[in-house]
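Undergrad:
Numbering (UniProt numbering), first residue to last: 1 to 964.
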């Protein structure tokens with residue numbers, strides 16, 4: 001594509017449009033030129049030339065799009081004396097294109113809509129009545145009366161839609177809306193005149209319904225047109241426009257003000273309960289679009305007006321059957337025959353309604369018992385329906401499903417799981433009785449015919465889903481369920497997985513009923529021997545060991561032995577081994593100290609040997625790095641779970657005497673993970689500087705150390721020199737955020753330890769020096785490290801400011817570093833810099849060196865803040881500057897008053913668009929706000945828009961809306 005030298009002529013634009021549509025290689029360049037052309041002042045002129053009927057369609061379309069763009073986004077370019085001529089030309093263009101092409105006509109309708117929105121409050125208050133007068137058949141002889149009416153209806157439809165998407169100044173939104181509302185009668189009378197004619201063409205009726213739906217967005221007055229509502233329901237029975245009518249009624253039901261018109265909603269429900277034949281026909285004809293729309297309307301009404309349904313059932317007994325029939329439709333939707341998502345996709349629509357209904361019932365204090373009685377059968381039926389919908393298809397069918405279909409079904413099952421929990425919230429004990437009855441039948445079915453496993457799996461899934469809601473004191477059905485697990489035919493992988501998942505889900509309940517452990521532990525341990533079910537077994541074991549550790553003593557040795565054997569084998573995947581370590585850590589915590597140490601001496605050597613072997617490997621590979629990371633993840637999990645100094649048992653329950661004695665003895669001994677940490681540090685000390693430091697290894701090692709330090713707290717003091725040396729080595733070879741997180745943890749942990757302060761201060765200074773050194777090599781490309789480093793500095797000032805007092809740390813350099821970071825374009829980095837600087841200023845009077853820095857460097861920072869506000873940085877970071885100004889206001893008010901002088905006097909700073917008077921007013925408003933952060937942020941934002949020449953633009957309107 002040749003260089004057009006930014007000449008926005010009709011010829012250049014036509015040539016560029018040809019490239020855009022027919023030359024893929026130059027499409028991006030063409031698009032850039034066309035966008036520039038569209039935003040240029042010349043666009044007001046060439047748009048009309050492109051709209052000439054002799055021009056190619058793509059040129060005419062671009063001309064229509066350009067007119068819309070100019071009117072909606074660059075309206076302030078147009079002098080007021082051009083409004084009249086522009087309106088007349090738009091109207092003439094609409095007349096010309098009344099017969100098509102449709103795509104250009106629609107763009108012109110949108111352009112005219114934007115014009116009306118811009119002028120209806122002053123220049124053209126009678127816009128809509130004028131349009132109705134203009135769009136008469138006699139005025140447009142080249143089109144049929146039907147075409148003329150359709151264009152008018154489309155114009156009115158897009159007018160309301162355009163208003164919803166146009167960004168107006170907040171003060172104008174309400175004024176424009178009220179101006180449009182004044183024509184509501186005119187528009188609705190036009191719609192009614194079309195819909196009430198039985199001979200009206202389908203396309204005109206459809207356009208009328210869309211217009212009715214669109215104007216519903218303008219306010220609640222639309223709900224007063226009951227006759228129109230009836231005509232919309234009549235239209236549902238007319239096949240050609242049924243879908244549009246249903247969408248229109250759905251929009252009316254969704255209206256934010258519709259709850260204030262209960263009589264109207266009940267009338268809608270009455271009409272909806274006559275949909276039997278429509279639903280039956282759509283189902284028989286397998287018309288999923290129609291069925292979806294019918295159920296969509298029903299569910300929207302139910303979900304938005306759930307409290308009205310319940311109030312009506314209680315207070316208007318004569319309408320109870322109507323409401324129950326209406327809810328029956330939603331139950332029918334949830335029970336839609338067929339396999340989701342292959343045969344049907346209707347049933348997923350109802351999930352939100354069942355949540356809303358159960359929530360409304362359970363929170364109704366006054367009528368709770370009465371409502372339970374009424375809706376008990378509904379939720380029983382829903383539970384039965386979901387036990388069918390949950391089921392997997394036959395295996396030969398499921399194997400043929402695509403991956404996205406399987407994922408959709410997985411999500412669908414999880415949504416059903418949530419709904420089953422809602423059923424339990426209503427049915428309580430009855431739900432468990434129902435599920436237990438199903439489970440007995442399903443178990444017999446699967447025992448007799450192993451290929452019929454789906455029903456049993458669904459029952460187990462349902463039990464798992466209610467586990468969160470079941471009271472831990474429940475002793476009627478859950479003990480029966482747990483005992484029944486012995487009878488489950490474990491012949492299919494999904495049955496075994498579902499059984500183990502259910503056990504894990506009831507871990508908290510099992511903790512209160514430890515006698516059940518004898519049934520479930522052997523089953524879970526058996527799962528470790530099968531690769532297909534190991535994932536479920538490891539999850540369940542992790543849950544059980546976490547929630548029931550106080551009751552695990554009788555099974556502890558068996559669990560620990562089986563877990564150790566599983567780790568030695570090749571059955572478990574890497575993540576499953578990490579979860580097994582979580583179980584080992586929890587169960588070891590309740591064992592005698594001597595047993596723990598002996599067990600660790602068996603568990604750890606293979607891990608540490610493997611770690612050392614791959615660390616010292618001369619040719620580091622991706623595989624060796626993955627092995628190192630995996631071993632560190634396992635150790636990390638051990639640090640997180642092995643805790644012999646754990647507190648009281650959950651729920652304050654008393655442990656067995658033997659467990660209490662073991663715990664008391666263990667409390668007198670050091671934490672076993674101290675031994676593990678020592679071994680880990682020896683491995684890395686032995687490796688020295690000969691191993692390759694990589695991001696993933698650094699991150700895994702720091703996470704491991706972080707968990708060790710969290711568990712040991714100040715007990716790890718003896719290893720502090722080794723920790724600091726290791727972290728410094730990591731950081732110098734791989735300046736990763738995780739090292740900075742560890743740095744923060746250690747500095748805060750030992751901030752008050754006088755013995756370690758010198759070493760920590762020296763370490764902190766080296767971290768600071770290295771960060772600044774590497775950042776200065778390429779400041780723009782170091783934003784990730786800079787952001788993390790500034791966040792650490794922020795926290796150190798807040799929680800361990802003593803390190804800023806050390807001679808080895810230079811607050812001046814850090815302050816200047818933070819100031820420089822304000823220049824960066826990334827929002828998170830600037831946020832971190834502003835937060836650090838604000839904290840530095842707020843705490844600086846506690847530290848003489850920091851006080852001196854602020855006194856000498858404060859003015860420079862203030863000037864930098866004003867550069868950011870004035871336009872040197874992206875608009876998105878401006879809001880953070882108010883934090884710095886507020887800090888100066890609170891702690892250095894006199895200095896700030898003095899520093900603002902040069903700012904107001906310096907011509908052209910921070911922008912040539914602001915006058916000295918405006919800067920003086922801005923300075924006055926800054927000094928005035930010493931407490932209200934929000935108001936200061938608004939002041940800063942407004943001044944920034946002024947500096948950038950954006951006051952009164954679409955962006956400004958959006959900015960103010962985001963602050964409101």
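The C-beta atom is built at its ideal place from N, Cα and C for all residues, glycine as well. What you are looking at is a predicted structure, and each value in this text was computed from that prediction instead of being measured.
Beta-carbon within less than 6 Å of residue 355's beta-carbon, same chain only, minus the 5 sequence neighbours each way: which residues are those?
TA: The residues are 422.
Undergrad: Check residue 634 in the structure and name its three-state DSSP category.
TA: Reduced to three states, the DSSP call for residue 634 is helix.
Undergrad: Hey, quick one: how far does the alpha helix (DSSP H) through residue 527 stretch, first residue to last?
TA: Unbroken alpha helix (DSSP H) run through residue 527: 517-527.
Undergrad: Which of the three DSSP states, helix, strand or coil, is assigned to residue 956?
TA: For residue 956, the pLDDT reaches just 41, beneath the cut-off of 50, and the residue's location in the model is therefore unreliable, although a value from the coordinates is still provided. Here residue 956 sits in helix by DSSP.
Undergrad: For residue 303, count neighbouring C-beta atoms within 10 Å of its own C-beta (all shown protein chains included) and say buried if the count is 16 or more, exposed if not.
TA: Residue 303 should be labelled buried.
Undergrad: Using beta-carbon positions only, say whether residue 739 and residue 723 come within less than 8 Å of one another.
TA: No. Outside cutoff.
Undergrad: Give every residue of the same chain whose Cβ lies closer than 6 Å to the Cβ of residue 825, excluding the five residues on either side of it in the sequence, and list them in chain order.
TA: Taken in chain order, the residues that qualify are 874.
Undergrad: Using 8 Å for Cβ pairs, my map puts residue 614 next to residue 628. What's the rounded Cβ distance?
TA: Contact flag correct, Cβ pair sits at about 5 Å.
Undergrad: Suppose the cutoff is 6 Å on Cβ atoms and the five residues either side in sequence are ignored; what does the same chain contact list for residue 94 look like?
TA: Result list for residue 94: 108, in chain order.
Undergrad: If you pair each beta-carbon of the region 398-411 with each one of the region 469-480, do three or more pairs fall below 8 Å?
TA: Short answer: they don't touch.
Undergrad: To the nearest angstrom, how far is it from the Cα of residue 689 to the Cα of residue 697?
TA: Going from the Cα of residue 689 to the Cα of residue 697 covers about 14 Å.
Undergrad: Measuring only the C-alpha atoms, how far is residue 261 from residue 221?
TA: Their backbone Cα atoms lie some 11 Å apart in a straight line.
Undergrad: Can you tell which of 888, 599, 333, 730 has the C-alpha that lies nearest to the C-alpha of residue 929?
TA: For the residues 888, 599, 333, 730, the minimum Cα distance to residue 929 belongs to 888.
Undergrad: Answer yes or no: do residue 248 and residue 213 have a C-beta to C-beta separation smaller than 8 Å?
TA: Closer than 8 Å, so yes.
Undergrad: Within 8 Å, do at least three Cβ pairs link the region 99-114 to the region 186-197?
TA: In short, these stretches do not touch, since the Cβ pair count stays below three.
Undergrad: Look at the alpha carbon of residue 39 and the alpha carbon of residue 75, and state the distance between them as a whole number of angstroms.
TA: Cα-Cα distance, rounded: 11 Å.
Undergrad: Going by Cα to Cα distance, which pick from 814, 314, 239 is closest to residue 294?
TA: Here the closest residue by C-alpha is 239.
Undergrad: Can you name, in chain order, every residue of its own chain whose Cβ lies under 7 Å from the Cβ of residue 469, other than the five neighbours on each side?
TA: So the list reads 421, 424, 425, once near-sequence residues are dropped.
Undergrad: With respect to the alpha helix (DSSP H) encompassing residue 230, which residues constitute its N-terminal and C-terminal limits?
TA: From DSSP, the alpha helix (DSSP H) with residue 230 extends over 226-236.
Undergrad: Take residue 12 as the anchor and find which of 323, 847, 577, 34 has the nearest alpha-carbon.
TA: For the residues 323, 847, 577, 34, the minimum Cα distance to residue 12 belongs to 34.
Undergrad: Do the CB positions of residue 976 and residue 562 come within less than 8 Å of each other?
TA: Summary: the structure shown does not reach residue 976, with the chain confined to residues 1 through 964, and so no result is reported for it.
Undergrad: Which term fits residue 565, buried or exposed, when burial requires 16 or more other beta carbons within 10 angstroms of its beta carbon?
TA: Residue 565 should be labelled exposed.
Undergrad: Is the region 786-795 touching the region 752-760, taking contact as three or more C-beta pairs under 8 Å?
TA: Taking 8 Å as the limit for Cβ pairs, the verdict is that the region 752-760 does not touch the region 786-795.
Undergrad: Leaving out five residues before and five after residue 800 in sequence, what residues of the same chain have Cβ atoms less than 7 Å from its Cβ?
TA: Closer than 7 Å at Cβ, skipping near neighbours: 747, 748, 751.
Undergrad: So within the region 69-129, which uninterrupted alpha helix (DSSP H) runs reach at least 4 residues, ignoring any that extend past its ends?
TA: With a minimum length of 4 residues, the continuous alpha helix (DSSP H) runs that stay inside the region 69-129 are 83-96, 102-119.
Undergrad: Can you tell me whether DSSP reads residue 937 as helix, strand or coil?
TA: It is helical.
Undergrad: Check whether the Cβ atoms of residue 587 and residue 560 sit closer than 8 Å, and answer yes or no.
TA: Result yes, Cβ atoms of residue 587 and residue 560 sit closer than 8 Å.
Undergrad: Would you please state the rounded distance, in angstroms, between the beta carbons of residue 878 and residue 788? I believe it to be under 8 Å.
TA: Not confirmed; about 23 Å, so no contact.
Undergrad: Using alpha carbons as the reference points, say which of 346, 450, 266 lies closest to residue 316.
TA: The shortest Cα separation from residue 316 among 346, 450, 266 belongs to 266.
Undergrad: For residue 955, which residues from the same chain have a beta carbon less than 7 Å from its beta carbon, with the 5 sequence-adjacent residues on both sides left out?
TA: In this predicted model, residue 955 has a pLDDT of only 41, less than 50, meaning its place in the structure is not dependable enough to derive any value.
Undergrad: By Cβ distance below 6 Å, which residues in the same chain neighbour residue 666 in space, the five residues on each side in sequence not counted?
TA: These residues qualify, in order along the chain: 593, 644.
Undergrad: Exposed or buried, which one is residue 411 when buried takes at least 16 other CB atoms within 10 Å?
TA: Flag for residue 411 reads exposed.
Undergrad: Within its chain, find whatever has a CB closer than 6 Å to the CB of residue 926; leave out the 5 residues flanking it on each side and keep chain order.
TA: Cβ neighbours of residue 926 beyond the five flanking positions: 885.
Undergrad: With a threshold of 7 Å on Cβ separation, who are the neighbours of residue 630 within its own chain once the five nearest residues in sequence on each side are excluded?
TA: So the list reads 574, once near-sequence residues are dropped.
Undergrad: Among 668, 639, 671, 759, which has the Cα closest to the Cα of residue 701?
TA: Ranking 668, 639, 671, 759 by Cα distance to residue 701 puts 639 first.
Undergrad: Taking DSSP as the reference, what is the three-state secondary structure of residue 185?
TA: In the structure shown, residue 185 sits in a helix (DSSP, three-state: H, G or I).
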